[in-house]
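Residues in the sequence shown are numbered consecutively from 476, following my numbering. Beta carbons are placed, not taken as given, at the ideal position from N, Cα and C, and that holds for glycine. Structure record follows, encoded as structure tokens.
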Amino acid sequence: MTIAQTIKDELLIRMDDLPWIPMVEGVDFKLLRACNVTGAWTVYFRAAAGASFPRHQHYGAGEYMVTKGRMVYRAGEAGAGDYGYEPLGAIHELTSFPEYTELYFTNSGPVVFIEENGTVNSILDNFTLVEMAENCEGGK
Numbered sequence: 476m477t478i479a480q481t482i483k484d485e486l487l488i489r490m491d492d493l494p495w496i497p498m499v500e501g502v503d504f505k506l507l508r509a510c511n512v513t514g515a516w517t518v519y520f521r522a523a524a525g526a527s528f529p530r531h532q533h534y535g536a537g538e539y540m541v542t543k544g545r546m547v548y549r550a551g552e553a554g555a556g557d558y559g560y561e562p563l564g565a566i567h568e569l570t571s572f573p574e575y576t577e578l579y580f581t582n583s584g585p586v587v588f589i590e591e592n593g594t595v596n597s598i599l600d601n602f603t604l605v606e607m608a609e610n611c612e613g614g615k
């Protein structure tokens, strides 16, 4: 199945067939779905102990479920089996992983990585994720 097919078709994905794609230092993802119509996207993250996501703002609501490990952020600490919802506009100063962690994450729009002064560092959206997956060795 190509990435283009995953955008528009009904899906059944074999997680073991997908490559891990580097995102930020210590954090990789598997792209499960990216919709070029709604902007929604779904990934499965793995984070090394001590890894983190820098300050970011959600331009679409997100939902996650931690399947292994622990994640610490503004709402508290989420462990294996915990579910969380992140509303549109939420700003997270730092999301950290004190131990090896895996989590399922789906978002209804972009996540914008920002400096304290509001300067945009990067934007993570459905198009960026597809591009990252297609550029990853074995990602096509």
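What's the call for Val-512, buried or exposed, on a 16-neighbour Cβ count within 10 Å?
Within a 10 Å sphere around the beta-carbon of Val-512 sit fewer than 16 other beta-carbons, which makes this residue exposed.
**Gly-559 - partner residues in DSSP beta bridges** = BP columns for Gly-559 point to Tyr-539.
If you run the structure through DSSP and keep just helix, strand and coil, what is Asp-503? For Asp-503, the three-state secondary structure derived from DSSP is strand.
(message) Quick check on Phe-572: does DSSP put it in helix, strand or coil?
(response) The three-state secondary structure of Phe-572, taken from DSSP, is coil.
Please report the straight-line C-alpha distance between Gly-544 and Glu-485, rounded to a whole angstrom. Linking Gly-544 to Glu-485 through their CA atoms gives a straight-line distance of about 30 Å.
Cβ shell of Gly-514 (< 6 Å), same chain only, five flanking positions each side left out: Answer for Gly-514: Gly-584, Asn-601, listed in chain order.
### Message
Let me make sure I understand the geometry here. Which of Ala-524, Val-502, Trp-516 has the alpha-carbon closest to that of Arg-508?
### Response
For the set Ala-524, Val-502, Trp-516, the Cα lying nearest the Cα of Arg-508 is the one of Trp-516.
Review point. Can you list, in chain order, the residues of its chain whose CB lies under 6 Å from that of Leu-599, leaving out five sequence neighbours each side?
Key: Excluding sequence neighbours, Leu-599 sits near Val-586.
(Q) Going by the DSSP bridge assignment, what does Ser-527 pair with across the sheet? (A) Ser-571, per the DSSP bridge assignment.
Exercise for the section: Can you tell me which of the three DSSP states Asn-663 falls into? Expected result: Nothing about residue 663 can be reported from this structure: the residues present for the chain run from 476 to 615 only.
query = From His-567 to Met-607, what does the alpha carbon distance come to, in whole angstroms?
reply = Cα-Cα distance, rounded: 23 Å.
### Query
Among all the DSSP beta bridges, which residues are the ones paired with Ala-425?
The structure shown has nothing for residue 425, since the chain only spans 476 to 615.
Return the residue from the list Met-498, Ala-555, Ser-571 that minimises the CA-CA distance to Arg-549.
-> Nearest C-alpha to Arg-549: Ser-571.
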